[in-house]
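Student: Using mature numbering (1 follows the signal peptide of the UniProt record, and there is no 0), the letters of the sequence shown map in sequence onto residues -19 to -1, 1 to 131.
Following this message is one structure expressed as structure tokens.
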Amino acid sequence: MKKAVVILAGVLLAQNTLASKVVNKDVTFSEKTYGVYSTEMTVSVKDGKIESFSAVKGCPGNLAAIGKLLPGMEVTKVIELLDDNYCSDVPLAGYTSCMDNLVEMLKKHVTEEGKGPMVEIRKAQKAAKQKVAFAGHVCSGCGLCQASFS
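Here's what the structure looks like:
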């Protein structure tokens, strides 16, 4: 019986900790993306859940599907599921994605754990990338020389 109470207390504490990450439960924002084909994302959050999501440009089928899947999901769950999700066919291939951009935006606007505007985060990462010299070429992250960002 005592073990069950301890386990239940641990579960409740974990849920409470996760829920406490949501600082701004009601917020709507639009922000420019960086390193991907979509150019801007707009997200509305109500009561700590995604109410709506839309993106300008990008991969229309995938982003439309995401726009249908996200409404009603807890922001913390979206961050957990989509963090570190990378595309292989974008300007910063293997380094970011639309959903990775979305996660950083949610961290900034909702949980206040973000590092700042998406453009500034990606520019800083791009500036810190690993430079590979190959016949006078400095890595742009295009993937042709198999180099990666550090």
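Glycine is no exception: its CB is placed at the ideal position from the N, C-alpha and C atoms.
What do you reckon, are the CB atoms on residue 35 and residue 23 nearer than 7 angstroms?
Tutor: Indexing the sequence shown from 1 puts residue 35 at position 54. Indexing the sequence shown from 1 puts residue 23 at position 42. It is a contact, given that the beta carbons lie within the stated cut-off.
Student: Please classify residue 91: is it buried, with 16 or more other beta-carbons within 10 angstroms of its beta-carbon, or exposed?
Tutor: Your numbering for residue 91 matches position 110 in the sequence shown. Residue 91 is buried by the Cβ-count criterion.
Student: What's the gap between the Cα of residue 46 and the Cα of residue 33?
Tutor: The count along the sequence shown starts at 1 and reaches residue 46 at position 65. The count along the sequence shown starts at 1 and reaches residue 33 at position 52. Their backbone Cα atoms lie some 12 angstroms apart in a straight line.
Student: Spatial neighbours of residue 66 within its chain, please: C-beta separation below 7 angstroms, excluding the five flanking residues on both sides.
Tutor: The residue you call residue 66 lines up with position 85 of the sequence shown. Here the set comprises 78, 80 and 81.
Student: Buried or exposed: where does residue 4 fall if 16 or more other Cβ atoms within 10 Å of its Cβ makes it buried?
Tutor: What you label residue 4 is simply residue 23 of the sequence shown in a count that begins at 1. Counting Cβ neighbours within 10 Å, residue 4 comes out exposed, since fewer than 16 surround it.
Student: Is the beta carbon of residue 30 less than 7 angstroms from the beta carbon of residue 53?
Tutor: Reading the sequence shown from its first residue, position 49 is the one you call residue 30. Reading the sequence shown from its first residue, position 72 is the one you call residue 53. Their beta carbons are under 7 angstroms apart, which means residue 30 touches residue 53 by this criterion.
Student: Between residue 63 and residue 84, is the Cβ-Cβ spacing less than 7 angstroms?
Tutor: Translated into the one-based positions of the sequence shown, residue 63 becomes position 82. Translated into the one-based positions of the sequence shown, residue 84 becomes position 103. Against a cut-off of 7 angstroms, the Cβ pair of residue 84 and residue 63 comes out as a contact.
Student: Sorted by chain position, which residues of the same chain lie with C-beta nearer than 6 angstroms to residue 51's C-beta, five sequence neighbours on each side aside?
Tutor: Within the sequence shown, numbered from 1, the residue matching residue 51 stands at position 70. 31 and 34.
Student: Please classify residue 39 as buried or exposed, where buried requires at least 16 neighbouring CB atoms within 10 angstroms.
Tutor: Within the sequence shown, residue 39 is the residue found at index 58, counting from 1. Buried, by the Cβ-count rule.
Student: Consult DSSP for residue 27 and reduce its assignment to one of helix, strand or coil.
Tutor: Sequence index remark: in the sequence shown, residue 27 carries index 46 (1-based). Three-state result, residue 27: strand.
Student: Using only the alpha-carbon positions, how far apart do residue 61 and residue 2 sit?
Tutor: The sequence position of residue 61 within the sequence shown is 80, counting from 1. The sequence position of residue 2 within the sequence shown is 21, counting from 1. Those two C-alpha atoms are separated by around 12 angstroms.
Student: Looking at the structure shown, is residue 93 part of a helix, part of a strand, or coil, going by DSSP?
Tutor: Sequence index remark: in the sequence shown, residue 93 carries index 112 (1-based). Coil.
Student: Going by C-alpha to C-alpha distance, which of 8, 26 and 14 sits closest to residue 98?
Tutor: Translated into positions along the sequence shown, residue 98 becomes position 117. Here the closest residue by C-alpha is 14.
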